[in-house]
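Residue numbers (the working numbering): 142 to 261.
These notes concern the structure reproduced below.
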Amino acid sequence: MFFFTFKKINKMVEYNFPNHRRGTTFKAKRITVSLDLTGARIDLHFKHISSNKIIFSWSTSDGTITFVDAAAGIFLLNKVKLSPPASLYEYDAQLIKADGDVIPLLYGVMRVTQNITQVL
């Protein structure tokens with residue numbers, strides 16, 4: 142599992158994910174932000190760099206993001222098999238607080254490369 146921590150509050154932090162090979166498992170990533178996440182929702186959406194269509198995403202609402210310690214600002218992007226077309230994707234992550242306030246957390250890119258070997 143990969144860990145990273147962000148200390149800025151109410152400022153979007155740039156983080157570019159390492160390249161991901163299409164059709165393989167995206168390993169879980171533990172993220173710490175300096176915010177209390179209690180009662181909040183987190184949405185992280187990836188879009189193709191030249192379109193406005195969401196291609197894949199993580200969210201606390203569907204269980205692909207889980208809180209490790211919400212009060213301490215720790216959450217987990219759960220592992221998933223990712224098979225979007227090979228390309229460059231941009232993303233951002235937002236915290237939606239219980240009172241409706243939206244706080245930007247992260248943004249950046251991830252390149253998905255073609256997997257040659259196909260699992261049969």
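The beta-carbon is built from N, C-alpha and C at its ideal position, and this holds for glycine as well.
For clarity, every value in this text was computed on a predicted model and none was experimentally measured.
Neighbour-count burial assignment, residue i, 16 or more Cβ in a 10 Å radius
i, result
"T201", "buried"
"I190", "exposed"
"A234", "buried"
"I257", "exposed"
"A212", "exposed"
"D210", "exposed"
Straight-line gap, residue i to residue j (C-alpha atoms, nearest Å)
i, j, result
"K238", "G214", "13 Å"
"I196", "S228", "11 Å"
"I206", "W199", "6 Å"
"Y230", "N193", "11 Å"
"F167", "Q255", "14 Å"
"K222", "H161", "10 Å"
Limits of the beta strand (DSSP E) - the one that residue i falls within
i, result
"Q235", "228–237"
"M251", "243–254"
"F197", "195–200"
"F158", "From DSSP, F158 is part of no beta strand (DSSP E); its letter is neither H nor E."
"T165", "165–167"
Beta-carbon proximity check, residue i vs residue j, cutoff 8 Å
i, j, result
"F187", "Y156", "no"
"A169", "L217", "yes"
"F208", "L178", "yes"
"F158", "G241", "no"
"P225", "R163", "yes"
Any C-beta of chain E under 8 Å from that of residue i
i, result
"W199", "Here there is only one protein chain, and chain E is not present."
Check: residue i C-beta below 7 Å from any heavy atom of the ligand HEM
i, result
"T254", "Within the structure as shown, the ligand HEM is missing, as the structure has no ligands at all."
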